[in-house]
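Residue numbers (our numbering), protein chains in the order written: chain A, 377 to 705; chain B, 18 to 560.
Note that the Cβ used here is the ideal one computed from N, Cα and C, for glycine as well.
Please read these numbers as outputs of a predicted model, since none were measured by experiment.
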Amino acid sequence: MTHEQFEIFSNQAVAACAVLYFLAFLAQLAAYVSRPRAAVVAPAARSRVGEGDVAVEAPPAEPPASQRTEMFVRLALALTAFAALVHLAALVTRGLAADPARVPWGNMYEFTLTATFVVVALYLLMHRRFALAWMAPVITLFVLAVLMVDVLVLYEPVIPLRDALQSPWLVIHVVAAILATGAFTMGGMVSALYLVKERALSRGGGQTGYLARVPSLVGLDRLAYRWHAFAFPVWTFAALIAGPIWAQYAWGRYWGWDPKEVWAFITWVVYAGYLHARATAGWRGHRAAIVALVGLATLWFNFVGINFFFGSGSQHSYAVELVVTAVGG
Amino acid sequence: MPREGRSLTDVQPEVAASAPVPPPPPGPPAMSPVELGRWAWRQLTSMRTALVLLFLLALAAIPGSVVPQEAVDSLRASGWKADHPGLTPVYERLGLFDVYGSPWFAAIYLLLVVSLVGCIVPRSAVYWRAFRAQPPRAPRHLGRMPDHRRYETADAPDDVLDRARSVLRARRYRIRDIAGDGPVEEAGDAVSAERGYLREAGNLLFHISVLVVLAGFAMGSLFGFKGGVIVVTGDSFSNTLSQYDDFAPGRAFAPDALAPFSFKVDSFDVTFIRKGRSAGSATKFFADLDVQPTPTSAPRRQRISVNHPLTIDGTKVFLIGHGYAPHITVRDGKGNVAYSGATVFLPENEAFTSFGVVKAPDAEPTQIGLRGEFYPTYAFTMATGPFSAFPDAKNPAISMLAYSGDLGLDNGEAQSVYALDMKGLKPVTKADGKPVRIDLALGKSQTLPGGLGTVTFDGLSRFVRLQVSESPGSKIALAGMVLALTGLLASLFIRPRRIWLRARRKGDRTIVEVAGLDRSSGGDLTGELDQILGALEPKESRT
């Protein structure tokens, strides 16, 4: 295939995987609707007894889910996995569409495309181990929404990588940054659900509907911690080791307080605060979840906002040719 | 922590001295200086304060990304100041143009460092004791622990305990030595085990490494420098202060510490893609330098390109940009050469439309200034006016306006070489009053009206923009960061766990109780207990 054909293929694959994610979401909806009314499966029942659950949650009896429900659940998972494959194909062809072929992380469109893929891949990988079935609707809706924004707002035609970006450290730096972004996003979703569920519980709700399927508050807090505990070292490596090494080669300084670097640092500090908060009495749970969401906000602001608001002032800006900014000041 | 308490009062006597004199306001109760010092120290080194300081640090870093920073981009900073004359003095007083060097930013991170040290020192002592300590004795009622299991077996209790010891040892647990027990002996029916001692070591390593990173970073900002220089091909550069276009020294940098190297930019090569979707972008550019590490040494040829800097005596030379320097000659009204040479034009866009200025102060009868653009591939449409169609020099041309009068160079004020001081200048006009535009292709000349002289575009060179920098301590910072990451991984993923097992004879059966405690913050013991039980007694029924 020619580069042009690869680009078209990639665009079509993005559209196709979006449709698949939507179908997966519909299947999850069908699974939810087809569940017998009283038979709301509460994973709280699956979480171990005697872990000091504070949540006022009577572990509901778990009546056997109907066969139809089971089928829809499995269908949703299969559709998500298939969508992820198509998503991956879109990424690979995007890289092949460039002349010469390159890693598909040259601009914000490609970065978002990759980050959403990482979110889905992390979900699928950890699906069994962390018992994440309840997260399915959140994940598919989130990825669908972000992909739509990505295509409608951030889309850019394929262009080759600039000289400064042609470095093995780019690959390492960006892979780690994207991986951390995906894991932080997963953690942020769990933390957001923690706050939603906590609010519902404090108002006497949360026993029915979707929130009843979400794990207990203690379980959510621990799950959020696990995502963050994975993401934080990866982010440390991406932003504070690989990034500076690359910057040293490309720009002659390893840390220059460029807006992008400042915000990467801010994100790091806020998430360091999150890890400390979980070890501090009175900060665990509610406050830690808020800190995690603040961290996620700084992360996404760094990625989207910096390029839009401080474009000309940042060497990381994808909008302006690096050489021109460097020479023109 | 009495020792730390005293040391704080020693360092900050004013805190202690001022406290007892006036009757203390409501709040902390009346305290002696030492008590107050201890109280303050405890407050400062508490986790809560550390949290607040972390968030303050994050908040304080924000303005530096919004307001242009002197140290990052002095050109943008001065532009911003010119645009905001009202805000500038306020911002200057607040240090907002140098956030990361400002006292208030330093105050936050120094407090954090103090808090960090105050955390590391006592914790290291605690850890040292804990590391050598025995796993704690088994609690009396294992069944009351949050995580516990129980099963019955026909084996003798001692066999069960022996097997438990070997299973736990294989799982890298440290086993409590019964013989070493003090007055209150562990009953012989229990095994106590603990693992994951390295978690806290990792935690300490991480926090110590942060200090190492800070030390490395401080070395760079104290003793390092960063300078920028534009060199036209064929010209030379020697590493002395006066040769730099811009120079940002560290606070303790001594100019005579500059390495005495020099180099000549022999050639610069750039290849632009000419066809296809990526037409107009550079595939590769590099410069060949003849480098002399010392004034007396023989020159050697070195190539530098983006991502591949040149290192001379610890100083690094980076190629960070390039552009065009047209050769322009101005002859004045008397036919004398008033200006001649390669003139650097700064690129403005991806097609290398470039902006530049010529100043001819020696021209007679009046001084002459030129201001305008250079186009490597000149093109023209009525809609756009002149523009550059391609970044390579396919059809080079200049298009400049001429000014005459006083260039303002004699009053001693520093002037940018890329700007004309318009105060004493007026445009050179044609008979019809329209300004004269000098549009010249390569090799062409144009005569200025009114006997002012001629302008010739007689050659074209390229220039390279180089960044020369030295950042001592960068290896220390990197090593610190790698150590920090190692410590972080250990502190996040090593699971500190305690396991207790008790076996008691009841009739002809042995009742085995196992309980555990996960001391990490994300812990979940279930799998661990199940695996230990599985290794101990795979077939028996459990409850």
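Using DSSP with H/G/I as helix, E/B as strand and the rest coil, what is residue i?
| i | result |
| --- | --- |
| L477 of chain B | strand |
| V527 of chain A | helix |
| E217 of chain B | helix |
| A431 of chain A | Confidence at A431 of chain A is low in this model, with a pLDDT of 40, below 50, so its placement is unreliable and the value that follows should be read with caution. Reduced to three states, the DSSP call for A431 of chain A is coil. |
| V354 of chain B | strand |
| R504 of chain A | coil |
| N428 of chain B | coil |
| I535 of chain A | coil |
| V323 of chain B | coil |
| I290 of chain B | coil |
| S226 of chain B | helix |
| E438 of chain A | Any reading at E438 of chain A must be qualified, since the residue scores a pLDDT of 49, below 50, and its modelled position is unreliable; no value is offered. |
| E381 of chain B | coil |
| W517 of chain B | strand |
| R93 of chain B | helix |
| Q309 of chain B | strand |
| I79 of chain B | coil |
| A406 of chain B | coil |
Please go through the same chain and pick out, in chain order, the residues whose beta-carbon is closer than 6 Å to the beta-carbon of residue i, but skip the five residues on each side of it.
| i | result |
| --- | --- |
| T561 of chain A | V495 |
| V230 of chain B | A494, G497, M498 |
| T288 of chain B | T300, K301 |
Comparing alpha-carbon positions, which option in the options lies nearest residue i?
| i | options | result |
| --- | --- | --- |
| F121 of chain B | B:D90, B:R149, B:L73 | The amino acid occupying residue 121 of chain B in the given sequence is Trp; Phe does not appear at that position. The candidate whose alpha carbon is nearest that of W121 of chain B is B:L73. |
| G340 of chain B | B:R188, B:S209, B:R479 | B:R479 |
| V246 of chain B | B:P513, B:A400, B:L336 | B:L336 |
| F407 of chain B | B:D172, B:T394, B:V485, B:Y144 | B:T394 |
| F303 of chain B | B:F114, B:R320, B:R59 | B:R320 |
| V445 of chain B | B:D423, B:W517, B:F280 | B:D423 |
| G241 of chain B | B:D262, B:S226, B:N220, B:F270 | B:F270 |
| P266 of chain B | B:G244, B:T257, B:S279, B:H325 | B:G244 |
| N324 of chain B | A:W622, A:F506, A:N387 | A:W622 |
| T503 of chain B | A:G658, A:E637, A:V610, A:W676 | A:V610 |
| G551 of chain B | B:R521, B:V227, B:R167, B:F148 | B:R167 |
If we cut at 8 Å on Cβ distances, does residue i have a partner in chain B?
| i | result |
| --- | --- |
| V514 of chain A | no |
| H652 of chain A | yes |
| A624 of chain A | The amino acid at residue 624 of chain A is misidentified as Ala; the sequence shows Gln. Yes, because at least one Cβ of chain B sits closer than 8 Å to the Cβ of Q624 of chain A. |
| A605 of chain A | yes |
| P635 of chain A | yes |
| L528 of chain A | no |
| P591 of chain A | no |
| S386 of chain A | no |
| I554 of chain A | no |
Does residue i have its Cβ less than 8 Å from a Cβ in chain A?
| i | result |
| --- | --- |
| S253 of chain B | no |
| A218 of chain B | no |
| G81 of chain B | yes |
| V134 of chain B | no |
| F391 of chain B | no |
| L502 of chain B | yes |
| P326 of chain B | yes |
| D547 of chain B | no |
| I337 of chain B | yes |
| M498 of chain B | yes |
| Y117 of chain B | yes |
| Q333 of chain B | A small fix is needed here, since residue 333 of chain B is Lys in this sequence, not Gln. It does; some Cβ of chain A falls within 8 Å. |
| Q484 of chain B | yes |
| V143 of chain B | no |
| R479 of chain B | no |
Does the Cβ of residue i lie closer than 7 Å to at least one heavy atom of the ligand NAD?
| i | result |
| --- | --- |
| R654 of chain A | With respect to the ligand NAD, the structure shown offers nothing to examine, as it has no ligands at all. |
Starting from the C-beta of residue i, find all residues in its chain whose C-beta is less than 7 Å away, skip the five residues before and the five after it, and write them out in chain order.
| i | result |
| --- | --- |
| E80 of chain B | Position check: residue 80 of chain B holds Pro in this sequence, whereas Glu was assumed. Closer than 7 Å at the Cβ level, and outside the excluded window around P80 of chain B, lie L113, V116. |
| A207 of chain B | A155, W517, L518, R519 |
| V522 of chain A | T488, T492 |
So, at 8 Å on beta carbons, what are the nonlocal neighbours of residue i in its own chain, with the 5 sequence-adjacent residues on each side left out?
| i | result |
| --- | --- |
| I345 of chain B | Y356, S357, G358, T360, V375, L387, I415, V472, T473, F474, D475 |
| R189 of chain B | R212 |
| I642 of chain A | T674, N678 |
Which runs of the beta strand (DSSP E) spanning at least 3 residues fall entirely within the region 457–510 of chain B, listed in chain order?
Runs found: 462–465, 470–487.
Can you list, in chain order, the stretches of the beta strand (DSSP E) that have 3 or more residues and sit fully within the region 231–262 of chain B?
Entirely contained in the region 231–262 of chain B, the beta strand (DSSP E) runs reaching 3 residues are, in chain order, 242–249, 253–255.
Write down every uninterrupted run of the alpha helix (DSSP H) in the region 627–661 of chain A whose length is 4 residues or greater and which is fully enclosed by it, in chain order.
Listed in chain order, they are 635–653.
Which runs of the beta strand (DSSP E) at least 3 residues long sit entirely within the region 575–604 of chain A? Give them in chain order.
The DSSP assignment places no complete run of the beta strand (DSSP E) inside the region 575–604 of chain A (cut-off: 3 residues).
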